[in-house]
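Written out below as structure tokens is the structure these notes cover.
Chains as they are written, first to last, in this note's numbering: chain S, 138 to 537; chain P, 17 to 276.
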């Protein structure tokens, strides 16, 4: 049986609550009754919840119930670059620990690389009960084919219940491929994860439509349940040196390790020490900076704070700063502890990329600038006065 | 060189606003546009064609009205458009969407390069591009910012990373997802618009692409949306005012726990 949605004309009062609730604009009123446009409907069920008269019936066919009891444990794919475990992995281990405890299962770290055996202790200190480690020169740097093959092999053999992965350039490329291969459900860029203890379901909450709506997503009938998680959303696992994990070293034959693509060179070009998506503090500039020189001022404040420099699309398009610094819809989505927006008006495309920052400071001469609507602290004034003063004041206070 | 560009029609997120009274999305008057990231894929396809010759096919899965996105793609340099549309696709998640697009691409058979935007601006998943290449079992390079070299059987590209970029060599056929940095899309030409006007868009249904019905739409989607809600709107906070030195001191004091 296929899934379907229907409106009971007896029960529909024509109140049009469902029209407002539909995120896809698929419902309209005709003759004082709601009508669903099936070409637009995605069967998300938002209208069912909104209807106060139980006039909308959604039948979701999830097929015959499969036996999923063979799947257990929470896995975290731990990313390494040049042998250094990336901080996102510790964030995922922190979150994975909570999920594993709720389910009463083990937390397992999966790490691939070359000459990384000594790194295993870092993962046990961060809460892993078990570590699957694959060490081979072919795995030194990330490549889609061998990494995908190995995760597929591991998951098919050990059957995890949940796999978490960072929503990084590596994570998003890898795990999307893995999900297809093992026929698993995958939810991107989750900002909240929880467990439904009765059904043992992973409740995955993520923003959509540029953060204008939130959706909670489940994978009822497929295992593993897979999710990517954005940087800086989850808390890093604390270090506990006394913890010891079971280390399982896996070996794979050459055909699993071969790659159709060939990585010729890794070029690093970020001028500062901190990359944008990993930064705890970002100082960003917009058109209000007036030119390249403005970014020198921004850079000084960022340096004092140990933060990274962000920019709006306007500033990037004007060639004041490279694209790798762009925050927003066509740039990066960031979630630092502190975001200081200087001369940024706050157009929706920029807000989409930074509005989940914990604390936002806005400095702008226009009191009507939309950025003030999302700012924790706003200062109306001239950035060329205030930013240098702030740099000086922070430098003084941090020296203490 | 035969190039396929996968595009998606999305609501223009700039226009999506929340009604403060009802806390719901205002969709009235929201226009549909080609996913902004896909415009770079279209442009890159047009440039590859200029460089190597061949044909560019734009393909989209969506409701009948998505035909306009394909027409626009033709005005921007694509040669033809294929609309993969069927009621059976309703409720597709990224698994089912990439399955459907892969099935349609298989029907095209002869292709060297598949180009996708890095992600769509409505769902923001970045999963469909890699999903298509996984279904087709071809190599992929994601976040491509430059196609350095391309010939009949191989390409060398730059893949953007958090720290800079990787230089990657790949055999063809290969799927690339592209980032904004790769090019500056052209405006539609008059000739292009005329061609788009008269272009006939191919329409393929689930039967046409010989898809397994169980792998389509909501039934073929492992994930289910169980709840949709509006996030608590971020409220503006305090406004600090006074002399520059005073507000600076005040702010530094307020932020001292965050800045260590």
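Every residue, glycine too, gets a C-beta built ideally from N, C-alpha and C.
Remember, predicted model here, so these are calculated numbers, not experimental data.
- Closest option to residue 197 of chain P, judged by alpha-carbon separation, among P:175, P:233, P:67: P:175.
- Of all residues in the region 77-108 of chain P, those with a C-beta nearer than 9 Å to a C-beta of chain S are 78, 79, 80, 81, 101, 103, 104, 106, 107, 108, reading in chain order.
- Taking the Cα of residue 376 of chain S as reference, the smallest distance to any Cα among S:303, S:239, S:234 is reached at S:234.
- Secondary structure of residue 351 of chain S (DSSP, three-state): strand.
- Taking a Cβ-Cβ cut-off of 9 Å, residue 50 of chain P has no neighbours in chain S, whose nearest Cβ is about 13 Å from it.
- A check of alpha carbon separations from residue 131 of chain P across P:104, P:82, P:65, P:78 identifies P:65 as the nearest.
- Put simply, the CB of residue 346 of chain S is near chain P, with a gap under 7 Å to one of its CB atoms.
- With contacts defined by Cβ atoms closer than 7 Å, residue 444 of chain S and residue 419 of chain S form a contacting pair.
- Judged by DSSP in its simplified three-state form, residue 171 of chain S adopts strand.
- Interface criterion met: the Cβ of residue 159 of chain P is under 7 Å from a Cβ in chain S.
- For residue 521 of chain S, the enclosing alpha helix (DSSP H) covers residues 520-536.
- For residue 509 of chain S, the nearest CB of chain P lies under 7 Å from its own CB, placing it at the interface with that chain.
- Across the structure, residue 286 of chain S and residue 205 of chain S are spaced so that their CA atoms are roughly 23 Å apart.
- Out of S:438, S:301, S:320, S:309, the CA that lies nearest to the CA of residue 115 of chain P is found in S:320.
- Taking 7 Å as the cut-off, the beta carbon of residue 173 of chain P is found closer than this to the beta carbon of residue 160 of chain P.
- Listed by position along chain P, the residues whose Cβ is nearer than 7 Å to that of residue 514 of chain S are 253, 254, 256, 267, 270.
- Remark: C-beta atoms of residue 98 of chain P and residue 218 of chain P approach each other more closely than 7 Å.
- Flagged as an interface residue toward chain S: residue 246 of chain P, by a C-beta distance shorter than 7 Å.
- Going by beta carbons, residue 216 of chain S and residue 303 of chain S fall inside the 7 Å limit.
- Within its own chain, the residues whose Cβ lies closer than 7 Å to the Cβ of residue 187 of chain P, once the five positions on either side in sequence are excluded, are 155, 169, 170, listed in chain order.
- By the C-beta criterion, the region 237-245 of chain S is judged not to be in contact with the region 217-227 of chain S, since fewer than 3 inter-stretch pairs fall below 8 Å.
- Interface with chain S (7 Å Cβ-Cβ cutoff): residue 130 of chain P is excluded.
- The residue from S:312, S:277, S:294 with its alpha-carbon nearest to that of residue 150 of chain P is S:312.
- Looking at the backbone, the Cα of residue 107 of chain P and that of residue 497 of chain S are separated by about 36 Å.
- Assignment of alpha helix (DSSP H) within the region 214-293 of chain S, counting only whole runs of 4 or more residues, yields 224-240, 257-262 in chain order.
- Take residue 143 of chain P, set aside five residues on each side of it, and the residues of its chain with a beta-carbon closer than 6 Å to its own are 110, in chain order.
- Between residue 299 of chain S and residue 441 of chain S, the gap from beta carbon to beta carbon reaches 7 Å or more.
- Residue 21 of chain P has a beta carbon lying at 7 Å or more from every beta carbon in chain S.
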